[in-house]
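full-length UniProt numbering puts the first residue of the sequence shown at 1, with every later residue one more than the last.
Backbone N, C-alpha and C fix where the C-beta goes; we use that ideal spot for every residue, glycine too.
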Amino acid sequence: MSSSAAPRVFALADTHLGFGVNKTMHRFGSEWWHHPEKILKRAWQTLSDDDILLLPGDLSWATKPRQATPDLEFLTKLPGTKVCIKGNHDYWWESDKRLHFPGLLDPPQRFGDLGIAGTRGWDLSDERILGRERKRLEKSLAAIADAPVKIALLHYPPQPFLDILSAANVTVCVYGHVHLRSFPEDEALVCHGEVLAGVQCFCVACDRIHFTPIELLAERIPLPV
Numbered sequence: 001m002s003s004s005a006a007p008r009v010f011a012l013a014d015t016h017l018g019f020g021v022n023k024t025m026h027r028f029g030s031e032w033w034h035h036p037e038k039i040l041k042r043a044w045q046t047l048s049d050d051d052i053l054l055l056p057g058d059l060s061w062a063t064k065p066r067q068a069t070p071d072l073e074f075l076t077k078l079p080g081t082k083v084c085i086k087g088n089h090d091y092w093w094e095s096d097k098r099l100h101f102p103g104l105l106d107p108p109q110r111f112g113d114l115g116i117a118g119t120r121g122w123d124l125s126d127e128r129i130l131g132r133e134r135k136r137l138e139k140s141l142a143a144i145a146d147a148p149v150k151i152a153l154l155h156y157p158p159q160p161f162l163d164i165l166s167a168a169n170v171t172v173c174v175y176g177h178v179h180l181r182s183f184p185e186d187e188a189l190v191c192h193g194e195v196l197a198g199v200q201c202f203c204v205a206c207d208r209i210h211f212t213p214i215e216l217l218a219e220r221i222p223l224p225v
């Protein structure tokens with residue numbers, strides 16, 4: 001990213017890459033045919049290297065770090081500064097460990113007036129895991145507490161975390177996980193920019209947004225001169 005540029009911020013979740021394990025998404029619908037090529041092409045049609053690209057989880061089908069390497073290398077070829085969190089299928093990423101891969105960042109991060117926090121999240125099915133994820137989100141948000149503009153990344157829908165997001169004055173929350181053809185109760189959790197508890201929320205599962213990163217903030221965030 002250019003140090004003098006005012007970046008745009010985009011998001012795209014659930015890339016579900018499988019280069020290292022020879023796994024595709026074809027069985028989930030025709031829209032998934034050759035989806036890595038769609039992502040690469042449409043990202044370069046939409047972003048520049050001066051922008052920020054948020055990737056909220058389910059990056060790779062790999063179960064071991066070495067299997068994930070070709071998938072992560074693919075993500076580094078996307079334009080912009082990439083900030084990632086893990087999803088429920090990212091078994092290769094050890095729990096609560098930082099991502100150490102050249103060309104990819106994980107939260108918390110600060111870019112001038114913009115702070116980015118995040119964690120995987122969870123649903124209401126397991127109070128123990130949910131409680132742990134709530135604490136991780138609070139810790140990540142505390143690291144960007146003085147940022148005028150805050151974006152939170154979750155993989156799971158944000159409803160169980162809205163109290164934390166609202167208390168931290170988060171501007172936008174992006175998440176994925178809820179794909180097309182989901183159960184009706186999951187469809188009810190899909191947001192397309194609705195404001196919940198003062199936080200604008202976007203579900204950016206890539207099949208829902210035509211494998212094209214969507215822009216999040218109407219106004220660009222200034223960077224230090």
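- Q67 and A143 have their C-alpha atoms roughly 31 Å apart.
- For G115, the uninterrupted beta strand (DSSP E) run begins and ends at L114 to G118, by DSSP.
- In this structure, the CA atom of P36 is about 19 Å from the CA atom of V178.
- Secondary structure remark: continuous alpha helix (DSSP H) runs of at least 4 residues inside the region 60 to 112, in chain order: 65 to 76.
- Judged by DSSP in its simplified three-state form, F202 adopts strand.
- Beta-bridge partners of L216 (DSSP): none assigned.
- The three-state reading of DSSP puts L124 in coil, since its state is none of H, G, I, E or B.
- With contacts defined by Cβ atoms closer than 8 Å, D106 and I85 form a contacting pair.
- The residues F161 and I164, in chain order, have a CB closer than 7 Å to that of R134 in the same chain once the five nearest residues on each side in sequence are set aside.
- DSSP lists F10 and K82 as the beta-bridge partner residues of L53.
- Between the alpha carbons of K64 and W93 lies a distance of about 8 Å.
- When DSSP reads this structure, I151 sits in a beta bridge with I116 and V172.
- Taking 8 Å as the cut-off, the Cβ atoms of S140 and A117 count as close.
- Burial state of G198 is exposed, judged by a 10 Å Cβ sphere holding fewer than 16 other Cβ atoms.
- Taking a cut-off of 8 Å on C-beta distances, the region 191 to 207 does not touch the region 119 to 128, as fewer than three cross pairs fall below it.
- Here the alpha carbon of L75 sits roughly 23 Å from the alpha carbon of L180.
- Annotated three-state conformation of L17 is strand, per DSSP.
- S60 sits buried, since 16 or more C-beta atoms from the chains shown fall within 10 Å of its C-beta.
- Around the beta carbon of A188, fewer than 16 other beta carbons lie within 10 angstroms, which makes this residue exposed.
- Bounds of the alpha helix (DSSP H) holding H35 are H35 to T46.
- Taking the CA atoms as reference points, V174 sits about 6 Å from C203.
- Beta-bridge partners of H192 (DSSP): F202.
- Taking all protein chains shown into account, F111 has 16 or more neighbouring C-beta atoms within 10 Å of its C-beta and is therefore buried.
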